[in-house]
Amino acid sequence: MKKRKKRKELDYKTRLAIAKYLNDGLNIIQISKILGRDDAVLYREVNKRSVDGVYNPLLAEEDAIKSRSISDEQVAKRRRLNDETKAYIEEKLSLKWSPRQIASQIEKDTGYYISYPTIYRYIRNGLVKVDVKRDMRQAGKKYNKSSEKRGKLYVGSRVSLCLIYENYLTL
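Positions 33 to 203 (our numbering) are the ones given, in order, by the sequence shown.
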């Protein structure tokens, strides 16, 4: 069984080597063999940190440091319900938008990410003021797909079955 390599972040020296080899005309696979790194890591690095198709190791290092400095608390803070997102959700619900439509558009408009199940949870818990009967399609009920009807025998009432069975026993 092949042992998995331990993950290691790219450092500035490695980024300089990547830039040098790219300028020399080597492709990513050749560079990955020289540096002893996985080619997917280098592909991701070059694609993510290139500016106008040119890989600059200094800018790449600064970008990597900046992205590592964003904490989980800051990400969670952007996902919390604040006055701006609350007003946005209430406005769009009054325009008969579904929570799924709101979730797909809210990040583009406000910069905050909220998933549609979270919006449903806000509505259910009363954090967002909405008239469910008036403003939401289906009055907030979940869609239940109808089942297959062919080949099934529907029996009227169960009481009539019991009576038939009792009559059968008395014979």
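Beta carbons: idealized from backbone N, C-alpha and C, even for Gly.
{"query": "From isoleucine 61 to isoleucine 97, what does the alpha carbon distance come to, in whole angstroms?", "result": "25 Å"}
{"query": "Report yes or no: do three or more beta-carbon pairs, one from the region 120-133 and one from the region 83-95, lie closer than 8 Å?", "result": "no"}
{"query": "For glutamate 139, count the other beta carbons within 10 Å of its own beta carbon; 16 or more makes it buried, fewer makes it exposed. Which is it?", "result": "exposed"}
{"query": "Along the alpha helix (DSSP H) that carries aspartate 141, what are the first and last residues, could you check?", "result": "131-142"}
{"query": "Mark threonine 202 as exposed unless 16 or more other C-beta atoms lie within 10 angstroms of its C-beta, in which case mark it buried.", "result": "exposed"}
{"query": "Which partner residues does tyrosine 44 have in the DSSP bridge list?", "result": "None; tyrosine 44 has no bridge partner."}
{"query": "Name the DSSP beta bridge partners of serine 126, please?", "result": "Answer is none; serine 126 lacks a bridge partner."}
{"query": "Starting from arginine 156, trace the alpha helix (DSSP H) both ways and give me its first and last residue.", "result": "148-157"}
{"query": "Based on DSSP bridge pairs, tell me the residues matched to serine 82.", "result": "Tyr87"}
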